[in-house]
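Engineer: Here you go, one structure.
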């Protein structure tokens, strides 16, 4: 496809708007329509200023538009599967935020529909497009550190979400660590086979009220023999802490946080630099643009998307295994989760 | 002025196009016209894709357009003064690339015309808008390092320009170090009174053929008693090297280079990170956008521009003093340069 | 005790000699005798040069010497308990290399004998005296990062030991990670209650031959609710990798590796610094001196030693638990190990 | 000479005692005698504890002792030349603190006497033995950065000396920057030909009272075409600031400050590490030992000392040129200083 890709955005919350802004910066994409149940004056003004003409409350209108090539599913998680099924049936390429669903069987059904329809599906694991992590992956793939042996990921949010969000988030493993599970697979270049997760409530007792944790260490065993570890916290007072390390037979490669600038001040108290970039919108600003660019390129050239539905499914599997491990207090094999629909506590 | 600022671009070379791209990303600016003596099919295609309708070979047409609020003078240096005079006469705000001219008297005439016309003039010292240097300046201004005592600037290009460019560049001090002279004034918050420049030809003998140098150390004395030093080279094989330090009675603040990522690889040979960002287009990418945003904001709100004509004049004065110092082998007072027209060797 | 502390060294291998050299640099200590079963010409020459007069093959002679205040047990692990019992019976203060034994019951007997004898016992966990880790501990203790929540330790050797050493080492957890287990308790300021260890053989199949692993990730749960993780490898090709992080409610504190110098070279290929200091003798050079200084000070002033027998016992307990966890594939509570003598596989 | 080198220390102030302590740590050196005009109970106790038997108030007794191989001249600057002359006449090797004298002619006479006597003379430029700067020099010598083009030295003390010291110090250039002048020659591998120094009184007006400065920038031109710059301050509130950079045709090599540890704390206010090591005794602790080791090795093996009398003379020459340049406000050629005796203002 050499022409401009026409896109419909479903769900005009924060992330939907961000994707729309990025699409506007691409020469070969166009935002043809936006649907949101709360579409109103504010959204219309926002869209008008950006030359986006069609606003609707009905996602079906977007999916049914024959002019639209691809849809971005940015609505709440429980709508992802029905929208994916509808979009696939309509022959649209799909960009879907993570997770596809909280239920492995449902996610698998969605993927199967996508496969049958022959459309592309990309999952919103934006961190793979981060300048740091992408470079780490390249170096690993090029064999610069030999065979990967230990994968380490530090992933801590600057502050916990609101209680209401916690309740319906799916929990730390499904909502937050799922990005790290995808990153672990991406960096290791291998599938996870076993998971042991140790969770704790150290930040705020509200997490315990919802059966959730706010702090966790997850150990992973990969198919290729490597082992991995992820530590998560819902609150790092110094800002968003996102670092990785891949250690291998030939060396080690690390990616540090990004900082707002390189300024260091030395005074009588010490040598000080600013905190890392505050949160994901700042840290992954460029990555959000790059993931969209990649998706549009794939549609235009027919090359495979960089994060497909199977990647989404596998990260969900690991998240389910981690939840179960934390609950049962023992390592859990991904195999134990089959058949998919049965693994919920 | 609450409305959109209509801009005309004069000179559609690399920098003219960059400014145009950035103006397109601002909600409150519009590129109304572009003039370039070589305007042709390629430029028209470039402009059409961006929705810029009017392309002309005649800068007068742009300056004479009553709808246009501001012009960007991105044409060769020898056209800056006549274009500034014409734009001022037409009541346009002016964004002018550095230097305004190679002749202090001419520059002063241009500034006088701008002053009489009551229009705004901003000089293209983009580095003041760099996230690092801007932060250094803020910390100095806030008194975080006490009274500034030593200003140090490292400024090295990754590779020398073509011989043809060298010939008409005005020399290292006027073409390259002029950015550093502006940075020195910016960081010190004080005027330069005396300059001692030591140049050398160590990179390529072609510089000597044109009476130029490719390596230099310049010592500055500021009005507030501080002293400063700048080192320049036309070729740093490891990339663009742009660092500053302000040392004061209460501490020191430094800004390091920017790197493409934070990745570090440790292997049998050492601990390695990538080279700094290659050159000014990469390093100052955001700064170019920010300087334009600042200019448009000033026009809309009436607030003073952050780099005005006087800043351009002073940097030129220091550049002239540095050239003279290198030639005479002694320190030169800025006072010696008056009357302006007479200082050329 | 205001006078010079007279020391006997038992075992004149590498570590015994290092301790002797350091004692020679202290004003308030004296090496009165050295015993080694292989005592001969070479050792006598070494000792003579340093003014150490008495060399014997009989450790009993050292322990029985009424002039000697303290003994350093630097002989093979299987001699630690009998020598400790004998030294305690003789009323000597004891500095003992780790581990006290491979058997918790035996270790407890030795500690009990020390307690009854009223002598001091310090275990050779030299890393607590490292300038980096000591400072991390201070900052944690001062509450600078609030309540500790996550303890992370990276501990990788530059190259694996000889096969013969592997066979009798007690395995990665007892021989190598035991230092990290002590460090974890030290940094957390809390006892470990549960251990989950995941081992792998990725460096050299010889480890598998001896039922050992060469790569491991160990998750710890502390009494105060904090969680911890240690990753170990027997071979980091870039040198000794010894880093820690303590993350808490008020921030995070990290200690990086030490490097031979601060030199960085930037060239066409990147920005490069040398590898970290090669191995423990280089990295912990000062720490070895400081631990001896601390022990001698404790003897002279009667203040408690900084690493006592109980610290030795607890690290052994964690090591046993880690071995069992890796073998059984499930988390192990330290409580499960009682009664001590029964926990061996 | 295969035997132990017997050393006499002349002047038992701080630096004399430091050298003595280091000599005691070398296997092949012995401190045979110490002279100090104020020799008394305190010094005798200090020496007795270290097994140094002979203490005298008469330097002549040390120099005249036929058993002594080498003398360390650690007495006030105005005694360096007569003591050097006497020691050379007595056939002793000489380690002399910098500067040899404040008068180039006198220094040259001392060097001439040393030459005629055929003894070795090492000057106390300890920084050449610093682990960082030594490595920088090695990399430059190995051609790792191609041809050196720019030498940059930052050298700032943590706090100014007492007024009484300032008065008789010889001034910033002769007392403090002289180390940097030696470092510049060492790093460049070339002689300085021209000096331009810009001084200022920004730290404390007391410096002006003694005709001295407390802040300075010195530009150097080397014989091989390279240029250099040194910035000095008598007070960096964040501690001793000692950094160098050599920039060349093939890259750049830098050495940063040394820090007491590698600990970094991240909290709500920023990312903080401790200040650099406080002053020269901390920063150059190992370098002081290494310079003595080198001197003793040279005596034993007959290999040339690493910093000889000529190095001392050249650094003094540059210091005189810098003082003159700062006074006259123009660059000064080292050639202008001849004949040596005449250059004083």
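Chains as they are written, first to last, in our numbering: chain A, 1 to 345; chain B, 346 to 690; chain C, 691 to 1035; chain D, 1036 to 1380. Each residue gets a CB set at the ideal place from its N, CA and C atoms; glycine is no exception.
1) In chain A, which residues lie with their C-beta within 7 angstroms of the C-beta of residue 911 of chain C?
2) Using the Cβ count rule (16 or more neighbours within 10 Å means buried), how would you classify residue 978 of chain C?
3) For the candidate residues B:407, B:387, B:485, whose alpha-carbon lies nearest to that of residue 263 of chain A?
4) Whose CA, out of B:399, B:402, B:630, B:500, lies closest to the CA of residue 475 of chain B?
5) Quick one: Cα of residue 464 of chain B to Cα of residue 438 of chain B, how far?
6) Using a Cβ-Cβ distance under 9 angstroms, would residue 1252 of chain D count as near chain B?
7) As a quick exercise: from B:536, B:533, B:560, B:534, pick the residue whose alpha carbon is nearest that of residue 544 of chain B.
8) Quick check: residue 1071 of chain D and residue 1048 of chain D, are their CB atoms within less than 9 angstroms of each other?
9) Between residue 1231 of chain D and residue 510 of chain B, how many whole angstroms is the CB-CB distance? I'm expecting something under 8 angstroms.
10) Can you check which of these residues, B:606, B:495, B:355, B:566, is closest to residue 410 of chain B by C-alpha distance?
11) Excluding the five sequence neighbours on either side, which residues of its own chain have a C-beta within less than 7 angstroms of the C-beta of residue 950 of chain C, listed in chain order?
12) Please go through the stretch 1-84 of chain A and give each complete alpha helix (DSSP H) segment of 4 or more residues, from N-terminal end onward.
13) Under 8 angstroms Cβ-Cβ, which residues of chain B neighbour residue 972 of chain C?
14) By how many angstroms is the C-alpha of residue 247 of chain A removed from the C-alpha of residue 63 of chain A?
15) With burial defined as no fewer than 16 other Cβ atoms inside 10 Å of the residue's Cβ, what is the status of residue 89 of chain A: buried or exposed?
16) Apart from the five residues on each side of it in sequence, which residues of its chain come closer than 7 angstroms, Cβ to Cβ, to residue 1184 of chain D?
17) Return yes when the Cβ of residue 581 of chain B is within less than 9 angstroms of the Cβ of residue 653 of chain B, no when it is not.
18) Name the residues in the stretch 259-270 of chain A whose C-beta lies less than 7 angstroms from a C-beta of chain E; which are they?
19) So which residues on chain C does residue 617 of chain B lean against when the C-beta distance must stay under 9 angstroms?
20) What's the C-alpha gap between residue 300 of chain A and residue 84 of chain A?
21) How many angstroms separate the CA atom of residue 310 of chain A from the CA atom of residue 7 of chain A?
22) Helix, strand or coil: how does DSSP classify residue 1365 of chain D here?
23) Name the chain D residues whose beta carbon is nearer than 7 angstroms to that of residue 576 of chain B?
24) State yes or no: is the C-beta of residue 1186 of chain D within less than 9 angstroms of the C-beta of residue 1109 of chain D?
25) Under the DSSP definition of a beta bridge, which residues are partnered with residue 543 of chain B?
26) My output table needs one value for residue 912 of chain C: the three-state DSSP class, helix, strand or coil.
27) Whose Cβ in chain B lies nearer than 9 angstroms to the Cβ of residue 1271 of chain D?
28) Check whether chain D comes within 9 angstroms of residue 501 of chain B, counting only Cβ atoms and requiring the distance to be less than that.
29) Along the chain, where does the alpha helix (DSSP H) that runs through residue 180 of chain A open and close?
30) Hey, would you say residue 539 of chain B sits closer than 9 angstroms to residue 677 of chain B, going by beta carbons?
31) Looking only at its own chain, which residues have a Cβ that is under 8 angstroms from the Cβ of residue 1358 of chain D, when we skip the five neighbours before and after it?
32) Return helix, strand or coil for residue 826 of chain C, following the three-state DSSP convention.
33) According to DSSP, is residue 261 of chain A part of a helix, a strand, or is it coil?
34) Please identify, using Cβ separations under 8 angstroms, the residues of the stretch 27-53 of chain A that lie next to chain B, in order along the chain.
35) Going by C-alpha to C-alpha distance, which of D:1354, D:1350, D:1105, D:1085 sits closest to residue 1039 of chain D?
36) What residues of chain B sit near residue 135 of chain A, judged by a beta carbon separation below 7 angstroms?
Structural biologist: Based on what the coordinates show:
1) Near residue 911 of chain C (Cβ distances below 7 angstroms), the residues of chain A are 198.
2) Residue 978 of chain C is buried by the Cβ-count criterion.
3) Checked all of B:407, B:387, B:485; the closest Cα to residue 263 of chain A is B:485.
4) Minimum Cα distance to residue 475 of chain B is reached at B:630.
5) The alpha-carbon of residue 464 of chain B is positioned some 5 angstroms away from that of residue 438 of chain B.
6) Chain B contact via Cβ: present.
7) The residue with the shortest Cα to Cα distance from residue 544 of chain B is B:560.
8) Yes; because the gap between Cβ atoms is below 9 angstroms, this pair is in contact.
9) With 8 angstroms as the limit, residue 1231 of chain D and residue 510 of chain B do not qualify as a contact, their Cβ atoms being about 30 angstroms apart.
10) The shortest C-alpha separation from residue 410 of chain B is found at B:355.
11) For residue 950 of chain C, where only same-chain residues beyond five positions count, the Cβ hits under 7 angstroms are 964, 967.
12) Within the stretch 1-84 of chain A, the complete alpha helix (DSSP H) runs of at least 4 residues are 14-24, 41-49, 59-64.
13) In chain order: nothing, as chain B lies at least about 16 angstroms away.
14) Straight-line Cα distance between these residues: approximately 45 angstroms.
15) Counting Cβ neighbours within 10 Å, residue 89 of chain A comes out exposed, since fewer than 16 surround it.
16) Excluding sequence neighbours, residue 1184 of chain D sits near 1261, 1282, 1283, 1284.
17) No, these two residues do not count as a Cβ contact at 9 angstroms.
18) The structure shown contains no chain E; the protein chains it does contain are A, B, C and D.
19) Per Cβ cutoff of 9 angstroms: 959, 960, 961, 962, 963.
20) If you take the alpha carbons of residue 300 of chain A and residue 84 of chain A, they lie about 20 angstroms apart.
21) Residue 310 of chain A and residue 7 of chain A have their C-alpha atoms roughly 23 angstroms apart.
22) In the three-state reduction of the DSSP assignment, residue 1365 of chain D falls in the coil class, being assigned neither a helical nor a strand state.
23) In chain order: 1185, 1187, 1264.
24) Not closer than 9 angstroms, so no.
25) Beta-bridge pairing links residue 543 of chain B to B:562.
26) If DSSP states are grouped into helix, strand and coil, residue 912 of chain C belongs with the strands.
27) Within 9 angstroms Cβ-Cβ: 592, 596, 597.
28) Output row for residue 501 of chain B: interface = yes.
29) In the DSSP assignment, residue 180 of chain A falls within the alpha helix (DSSP H) that extends over 177-188.
30) With contacts defined by Cβ atoms closer than 9 angstroms, residue 539 of chain B and residue 677 of chain B form a contacting pair.
31) Excluding sequence neighbours, residue 1358 of chain D sits near 1206, 1208, 1209, 1232, 1380.
32) The answer is helix: DSSP assigns residue 826 of chain C an H, G or I state.
33) DSSP places residue 261 of chain A in coil when its eight states are reduced to three.
34) Flagged, chain order: 27, 49.
35) Here the closest residue by C-alpha is D:1105.
36) 606, 608, listed in chain order.
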